[in-house]
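Asks: For what it's worth, this note's numbering labels the leading residue of the sequence shown as -4, then goes sequentially.
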Amino acid sequence: MKTSKTSSSKRDLLSMQDLSSQDIDRIMSLATKLKKEHKAGRGRPLLRGKTLGMIFQKPSTRTRVSFEVGMYQMGGDAVYLSATDIQLARGETIEDTAKTLSGYLDCLMARVYDHTDVQKLATYARIPVINGLSDAFHPCQILADLLTIKEHKKKLKGLKLAWLGDGDNVCNDLLLGCAKTGISMTAACPKGYEPLEQVVRLARAEGQKTGAQVAVTEDPVVAAKDADVVVTDTFISIGKEGERATRESVFMPKYQVNSEIMKLARRDAIFMHCLPAKRGQEVTADVMDGPQSVVWGEAENRLHAQKAVLCILMKAV
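#1: Who are the Cβ neighbours of A300 in its own chain at under 6 Å, not counting the five residues just before and after it?
#2: Helix, strand or coil: how does DSSP classify L156 here?
#3: Kindly give me the distance between the Cβ atoms of I178 and L8, rounded to whole angstroms, as I take these residues to be in contact under 8 Å.
#4: Is there contact here, the region 26 to 43 with the region 190 to 204, by at least three beta-carbon pairs under 8 Å?
#5: Among the residues of its own chain, which have a CB less than 6 Å from the CB of S16, if the five just before and after it don't count?
#6: Rounded to the nearest angstrom, what separates Q276 and V224 at their Cα positions?
#7: In the DSSP assignment, find the unbroken beta strand (DSSP E) run with S397 in it and report its ends.
#8: Tell me which residues share the same chain as K94 and place their Cβ nearer than 8 Å to its Cβ, disregarding the 5 neighbours each side in the sequence.
#9: Output yes or no for whether 8 Å exceeds the beta carbon distance between V245 and A157.
#10: If we count the other Cβ atoms within 10 Å of its Cβ and call it buried at 16 or more, is K30 buried or exposed?
#11: Between which residues of its own chain and N296 is the CB-CB distance below 7 Å, once the five residues before and five after are set aside?
#12: Return the first residue and the last residue of the beta strand (DSSP E) that M69 is part of.
#13: Am I right that M257 and D101 are in contact with their C-beta atoms under 8 Å? What's the rounded C-beta distance?
#14: Buried or exposed for V60, please, with buried defined as at least 16 other CB atoms from any protein chain shown within 10 angstroms of its CB.
#15: Which residues in the same chain have their Cβ closer than 6 Å to the Cβ of K45, if we skip the five residues on either side of it in sequence?
#16: Where do the ends of the alpha helix (DSSP H) carrying V312 lie?
#17: Identify which residue in P215, K235, C173, C184 has its Cα closest to the Cα of G206.
#18: Tell me whether R297 sits in a helix, a strand or coil according to DSSP, three-state version.
#19: Would you check if the distance between the CB atom of L170 and the CB atom of Y250 is smaller than 8 Å?
#20: Could you tell me whether the Cβ atoms of D228 and D163 are closer together than 8 Å?
#21: Please state whether DSSP places S77 in a helix, a strand or coil.
#22: Pick helix, strand or coil for H133, following the three-state DSSP scheme.
#23: List the whole-angstrom C-beta distance separating R261 from D214, where the pair is believed to meet the contact cut-off of C-beta under 8 Å.
#24: Confirm the yes/no value for this check: CB of L103, any heavy atom of the ligand GTP, distance under 7 Å.
#25: For H147, tell me which candidate among V312, E293, I307 has the shortest Cα-Cα distance.
#26: Tell me the DSSP secondary structure of K0 in three-state form.
#27: Only counting the same chain, and skipping five residues up and downstream in sequence, which positions put a Cβ closer than 6 Å to that of K53?
#28: Take R274 and list the residues in its own chain whose beta-carbon comes closer than 7 Å to its own, dropping the five residues that flank it on each side.
#29: Taking 8 Å as the threshold (beta carbon to beta carbon), is A174 in contact with chain B?
#30: Give the single residue among V74, A303, H268, K302 whose Cα lies nearest to the Cα of W291.
#31: Using the Cβ count rule (16 or more neighbours within 10 Å means buried), how would you classify T58?
#32: Which residue from M69, S288, Q82, C166 puts its Cα closest to that of D263?
#33: Less than 8 Å between the CB atoms is what I'm expecting for L47 and L305, so what's the real figure, rounded?
#34: Do you know how far the Cα of E255 is from the Cα of K0?
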């Protein structure tokens, strides 16, 4: 995890690039343990006396609930901070907000539009900062995804993952997460909607260490062929609503995950989606609600993966 310049002992999670392969292994192991303990009714108050602050510029279901519940399950507290309710809405700088909140909280999670906002929070906060989603990256989702894949496939290294659709924040971090864990990933995206070039370069460099292959193509058939995992996301992310007509014409129907696409993948392939999903757009209902879909377990794993991250960042384990 990234160590902040503000404190040699403080670590932040802003993207999957902040995690080494060993960090990911540690998070996966702890998340699995915490999940088993919770299911068995043996949860531990590892974060008793700790408080997480949560800044939200964007609406949320899974991020807010999973972080709040995770803190409560481990004996801690969570404070919801809508960006429209705190002084950020009246012009207080991110830098001053970070310094102020550092005096009250033990950890800060922010769900923002611009990735530079969460970077500024991390730079000026004396406490760990977690990116709950930005326009560029979504590390918490990827940790949940990797946990889900490992649960169903019993391994990560050597698998093949196909991404169909927009090369968005989830795709960017998934490229990094897959490369660091030895999963070969092919992202099929329309021209002009590819993942960030710098991320692809970083992922390929990581793949050279783990044996993972990283590819970007315009052809969803190439990506889906013999895939162990098929993943997509909405074609119209938050903040892109004004591009709806253009995006629908670009993505539909070529990049939709449907039964024909799933037939190209391995027979035991699983389907994943970070949610919320729009059935009939990026995925058909028969795939979304079919036997290969693991989206509900994937959503639940946000809770367990984030509990592990919180414990590690707040040095509770």
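By construction, the Cβ of each residue, glycine as well, lies at the ideal position given by its N, Cα and C atoms. Small disclaimer: the values here were computed from a predicted structure and weren't measured.
Replies: Concretely, from the data shown:
#1: Answer for A300: A26, L138, A139, L142, listed in chain order.
#2: strand
#3: Actually they are not in contact, since the Cβ atoms of I178 and L8 sit about 20 Å apart, beyond 8 Å.
#4: Counting Cβ pairs under 8 Å, fewer than three are found: no touch.
#5: Closer than 6 Å at Cβ, skipping near neighbours: K175.
#6: Rounded to whole angstroms, the separation of the alpha carbons of V224 and Q276 is 19 Å.
#7: Here the chain covers residues -4 to 312 and nothing more, so residue 397 does not appear.
#8: Y119, A120, R121
#9: Cβ atoms of V245 and A157: not closer than 8 Å.
#10: Buried.
#11: A139, L142, T143
#12: Counting along the chain, M69 falls outside any beta strand (DSSP E), and DSSP gives it neither H nor E.
#13: About 44 Å; that fails the 8 Å criterion.
#14: With fewer than 16 other Cβ atoms within 10 Å, it is exposed.
#15: Excluding residues within five positions, the ones whose Cβ falls inside 6 Å are G71, D101, M309.
#16: No alpha helix (DSSP H) holds V312; DSSP gives it neither H nor E.
#17: Taking G206 as reference, the option from P215, K235, C173, C184 with the minimal CA-CA separation is C173.
#18: helix
#19: no
#20: Yes, the pair counts as a contact, with Cβ atoms nearer than the cut-off.
#21: strand
#22: coil
#23: Not really, about 18 Å apart at Cβ, beyond 8 Å.
#24: Of the ligands one can find in the structure shown there are none, so the ligand GTP has no counterpart to examine.
#25: E293
#26: Unreliable placement is indicated for K0, whose pLDDT of 49 sits below 50; the coordinate value is still reported in the next sentence. Three-state DSSP puts K0 in coil, outside helix and strand.
#27: The residues are R106, I233.
#28: A280, M283
#29: This model lacks chain B altogether; it includes just one protein chain.
#30: With distances taken between Cα atoms, W291 lies closest to H268.
#31: buried
#32: S288
#33: 7 Å
#34: Note that K0 scores a pLDDT of 49, beneath 50, so its modelled location is shaky and nothing firm can be said.
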